[in-house]
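Student: What follows is a structure written as structure tokens; I'll ask about it next.
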């Protein structure tokens with residue numbers, strides 16, 4: 001009888017160890033190297049949270065920077081078809097979906113006649129309404145870029161404030177149509 005009792009105690013220790021290992025594995029699978037992965041109820045909540053860690057620059061402050069002497073790199077993180085419809089002069093189109101892969105690519109920058117940005121350089125990002133660009137800015141910060149800013153209001157804010165300093169490839173009255181077309185396709 002004692003032998004049976006000892007076997008049960010050993011079995012219980014084995015079962016407890018097994019469950020403990022499983023628990024550790026489950027917790028490990030649900031976290032990254034910085035701790036648990038944060039979940040959000042909506043993309044709006046996620047963008048709002050990310051904005052806390054991203055520096056924004058107003059349209060007027062960017063306009064001043066644009067007319068000043070300080071160097072910067074201007075990135076349009078919208079889709080190419082959005083960029084083709086209108087953009088801020090001097091911007092380089094690198095869509096958010098491939099930004100991490102192209103930001104350091106000499107081939108991409110050679111095609112633009114520019115050099116690969118250094119990690120310390122000022123990078124200014126914009127998208128349509130300033131929802132995608134904070135997500136892109138966060139990724140660039142995670143890649144070690146130290147001076148990343150987002151134009152508050154995005155392309156819409158810029159175009160409303162400075163329509164004369166916008167490269168538009170849209171026919172008369174087409175901005176409203178292009179904006180609604182992008183809304184339907186999920187652009188933000």
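In our numbering, the protein residues as written are 1 to 188.
Where a beta carbon is used, it is the ideal one built from N, C-alpha and C, also for glycine.
Quantities reported herein were computed from a predicted structural model and do not represent experimental measurements.
1. Got a sec, what are the start and stop residues for the alpha helix (DSSP H) residue 111 sits in?
2. Just to confirm the assignment, what range does the beta strand (DSSP E) spanning residue 56 have?
3. Any heavy atom of the ligand HEM closer than 6 Å to the Cβ of residue 142?
4. How do the stretch 33-42 and the stretch 120-135 stand: do at least 3 beta-carbon pairs fall below 8 Å, yes or no?
5. Thinking C-beta only, is residue 132 closer than 7 Å to residue 102?
6. For residue 90, tell me which candidate among 62, 44, 135 has the shortest Cα-Cα distance.
7. Taking the alpha-carbon positions, what's the residue 109 to residue 49 distance?
8. Could you pull the start and end residues of the beta strand (DSSP E) that residue 124 belongs to?
9. Which residues mark the beginning and the end of the beta strand (DSSP E) in which residue 50 is found?
10. Do you know offhand how far residue 117's Cα is from residue 51's?
11. On the DSSP bridge assignment, give the partners of residue 151 in chain order.
12. Report the start-end ranges of each alpha helix (DSSP H) in the stretch 68-103 that is 4 residues or longer and not cut off at the edges.
13. Short of 8 Å in beta carbon distance, which residues of its chain neighbour residue 87, apart from the five on each side in sequence? Order them along the chain.
14. Does the Cβ of residue 148 have 16 or more other Cβ atoms within 10 Å, making it buried, or fewer, making it exposed?
15. So, for residue 107: in the same chain, excluding its five sequence neighbours on each side, which residues have a beta-carbon less than 6 Å away from its beta-carbon?
16. If I follow the unbroken alpha helix (DSSP H) through residue 138, where does it start and stop?
Tutor: If we stick to the structure as given:
1. As a first step, residue 111 is located in the chain shown; it is residue number 111 there, counting from the start. Run containing residue 111: 106-111, per the alpha helix (DSSP H) assignment.
2. Translated into positions along the chain shown, residue 56 becomes position 56. Bounds of the beta strand (DSSP E) holding residue 56 are 55-57.
3. Absence of the ligand HEM is noted for the structure shown, with no ligands found whatsoever.
4. no
5. Reading the chain shown from its first residue, position 102 is the one you call residue 102. Reading the chain shown from its first residue, position 132 is the one you call residue 132. No; because the gap between Cβ atoms is not below 7 Å, this pair is not in contact.
6. Walking along the chain shown from the start, residue 90 turns up at place 90. Closest by alpha carbon: 62.
7. Here residue 109 refers to the residue found at position 109 of the chain shown. Here residue 49 refers to the residue found at position 49 of the chain shown. Rounded to the nearest angstrom, the two C-alpha atoms are 31 Å apart.
8. For the purposes of this step, residue 124 is taken as residue 124 along the chain shown, with counting starting at 1. Element bounds for residue 124: 122-126.
9. The count along the chain shown starts at 1 and reaches residue 50 at position 50. Taken as a continuous stretch (DSSP letters only), residue 50 belongs to no beta strand (DSSP E), being part of the alpha helix (DSSP H) at 43-51.
10. The count along the chain shown starts at 1 and reaches residue 117 at position 117. The count along the chain shown starts at 1 and reaches residue 51 at position 51. Using only the alpha carbons, I get a separation of about 23 Å.
11. The sequence position of residue 151 within the chain shown is 151, counting from 1. In the DSSP output, where bridge partners are listed per residue, residue 151 has 57.
12. 80-85, 99-102
13. In the chain shown, the residue the question calls residue 87 occupies position 87. Excluding residues within five positions, the ones whose Cβ falls inside 8 Å are 76, 93, 155, 166, 167.
14. Against the chain shown, residue 148 aligns to sequence position 148. Result: buried.
15. As a first step, residue 107 is located in the chain shown; it is residue number 107 there, counting from the start. Cβ neighbours of residue 107 beyond the five flanking positions: none.
16. Within the chain shown, residue 138 is the residue found at index 138, counting from 1. 132-142 is the span of the alpha helix (DSSP H), which, as asked, contains residue 138.
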